[in-house]
Every structure is written in structure tokens, then in C-alpha cells.
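Numbering (the numbering used here), first residue to last: 8 to 320.
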């Protein structure tokens, strides 16, 4: 058996283990949450976001499903409500400051804040062997800036808690700094983004700006950027790096006001974003997000996960 076959076998075994774990209910002493616990899921109207919403609500939380399109968001929430789940809808465009403020005001007024934020809203315009950067600006703005907008807007609304509030960013292995097949080749940039002690938001924003400038000039192919789904990979690299930065910033919060932030790769999921060409279901892809959000002893922060295991950035 070759190396790739052994890796595939190990992964399939791991997925089977996780499927079994999902059938085991949380015990009462593990459950730190109740129906009063509020989770917000961005881009929850379909795919992984819809499934994360469903699973969190099935565990007994109240979940706010958000969508840019009010019609599809309302219908998605209605489907889950008809299944007896505590899911409610509110329109939200993660790139529109007016929409974000309206959502925050509504959330504060109706629920007093939130306990869990899952940043799922994202776009990707490449499928299969495509690697166009035609929509690079939209991809980077939505995936990175949208995530950053929500974190900055909702941190002030996160409720004090003895177990800590939680932020889960849906990301991708494609955005790893040191991935074998898709890494950043610029050693200086890799060092800047990889050194969390000296990392700043300006450094991450600068990397995105540099990439988009090269796209505009038509020089991006020689810039040392990831070779696969380049714009999507760069956007998720920024999400991963920002997750580490925010974990460092939030680590100074006192007990009772802790906020733990992590990111994860759902895998190649059969959703509209992949043209339904993935190799795992949305249910499987959503699992690690829900697991991270509900960890009973959540002292974990600034980490990257896949299939319920930490992986390297």
C-alpha cells in the first residue's frame, strides 16, 4: 500500500470514528449551554452554514441564522423551525456596515447579546481545475473582511460567562502558510504572517492588498502565492492568520469575560460552493465547527482544526 493510500485509509477511519462520536449525546455535566444560549451563524441559509445551524439547534441552543438574501434566509429558518428547532432569522450582509449595525441592535434588544459566533459566510468562484482570479477582490473582501467585520462588531455583545464565549471561523487547509502543495513561497511574507508575537492587523491587510494589486497588474502568478484556487486560498490564509492574532489580543480578558477563537477546515464538502463535487456531506463538514463551539472545557484558542484534531497553520 502506497503512502497516499495509507493516508486515505487513516482519514476514512477517522471519519468513521467521528460519525460514531456524533451519535453519543453530551452528558448533563458536559452541557454548559441551554435554550438561553445564543449562537449566530453567518451565511446559514445553505450548505455548511445551514448544517451548523441545524446541529447547534438540535443540541438545544437558540440559533440566529443570518443570510444576505432575506427571502432564502427566512425560508431556511422556517424549515428548521418546522422541525421543532429554536432557529430565528435576521438579514445580514457582512460587508454592509448599516446592515451589521441593524443586526447588532436587533440582537442586543431581543437577546441581550450572544454566546457563540460562527463565521461561515464566504464565496468561491473556482471549481475543478479552474484558477481564475477574476473575482479576487470580491473573494478576499467577503471571506476575510466579512469575517473581520463580524468579529469586531460582535465582540462587544458577547455575554460574560464562566465557560467563555466562542468564535469559530470556517476556513480551509488551502490557506495554510506551510501547506505542502499550496504554501506561500515568499519566505519574508511567510515569516511575517507566521510570527504571532509580532503579527499585526496591518500586516495581514497589507498581504491582501499586495495580492490584489498584483492581480490588477497581472503579475500575481510570479508573486509566490498559492497555486490552487489562489484567491480563495489567500482569503482563507488571512482568516487563519487573523484568528491567531485575535486569540492573542483576546487572551488578556479577565476570567468571566474570556472569548476563545479558533478556525477549522470542513474538508471538501458536497455543497453549491464546490459544485457538489466534494467527498463528504455537509453534516460531516459541519461537525468540527459544532464540536469546537460546544467544547465543555474550552481553554483552547488560536488553533486550527480539521476532523476534530488540531492541524498546523
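Virtual Cβ for every residue (Gly too), placed ideally from N, Cα, C.
Using a Cβ distance threshold of 8 Å, residue 307 and residue 269 count as a contacting pair.
In this model, residue 132 and residue 272 are separated by some 18 Å (Cα to Cα). Distance from residue 165 to residue 120 at the Cβ level is roughly 6 Å; contact confirmed, criterion being Cβ atoms closer than 8 Å. Exposure of residue 10 is indicated by the presence of fewer than 16 other C-beta atoms within 10 angstroms of its C-beta.
Under the three-state reduction of DSSP, residue 150 is assigned to helix. Under the three-state reduction of DSSP, residue 31 is assigned to coil, being neither helix nor strand. The C-beta distance from residue 56 to residue 127 rounds to 4 Å, short enough to meet the 8 Å contact threshold.
Judged by DSSP secondary structure, residue 102 falls outside any beta strand (DSSP E); it is assigned neither H nor E. Look at residue 313 here: in three-state DSSP terms it is strand. In the DSSP assignment, residue 246 falls within the unbroken alpha helix (DSSP H) covering 237-257. Between residue 110 and residue 96 a beta carbon distance of about 11 Å is seen, past the 8 Å cut, so the two are scored as non-contacting. DSSP, reduced to helix, strand and coil, places residue 121 within a strand of the structure shown.
Between residue 193 and residue 300, the alpha-carbon positions lie close to 34 Å from each other.
Restricted to the region 157-217, the alpha helix (DSSP H) segments that are unbroken, complete and at least 4 residues in length are 194-201, listed in chain order. As DSSP reads the structure, residue 25 sits in no beta bridge.
In the DSSP assignment, the residues bridged to residue 97 are 73. Counting only the Cα atoms, residue 138 lies some 27 Å from residue 208. Classified as exposed, residue 112 has fewer than 16 neighbouring CB atoms from the shown chains inside 10 Å of its CB. Pairing residue 75 with residue 99, the inter-Cα distance amounts to about 5 Å.
Bridge pairing for residue 48: 72, 125 [DSSP]. Inter-residue distance for residue 215 and residue 248 is about 12 Å (C-alpha atoms, whole angstroms). Bounds of any alpha helix (DSSP H) do not take in residue 266; it lies within the beta strand (DSSP E) bounded by 266-272. Pairing residue 125 with residue 246 gives a Cβ-Cβ distance that is not under 8 Å. Excluding the 5 residues flanking it on each side, residue 147 has same chain C-beta neighbours closer than 8 Å at 215, 218, 219, 238, 241, 242, 245, in chain order. Relative to residue 90, the option among 145, 67, 107, 31 whose CA is nearest is 67.
The beta carbon of residue 140 lies closer than 7 Å to those of 222, 227, 237, 238 in the same chain, with the five residues before and after it left out. Under the three-state reduction of DSSP output, residue 307 falls in the coil class, being neither helix nor strand. For residue 289, the enclosing alpha helix (DSSP H) begins and ends at 289-301.
Residue 235 places its beta carbon less than 8 Å from that of residue 188.
Counting every other CB atom within 10 Å of its CB across the protein chains shown gives residue 59 a total of 16 or more, marking it as buried.
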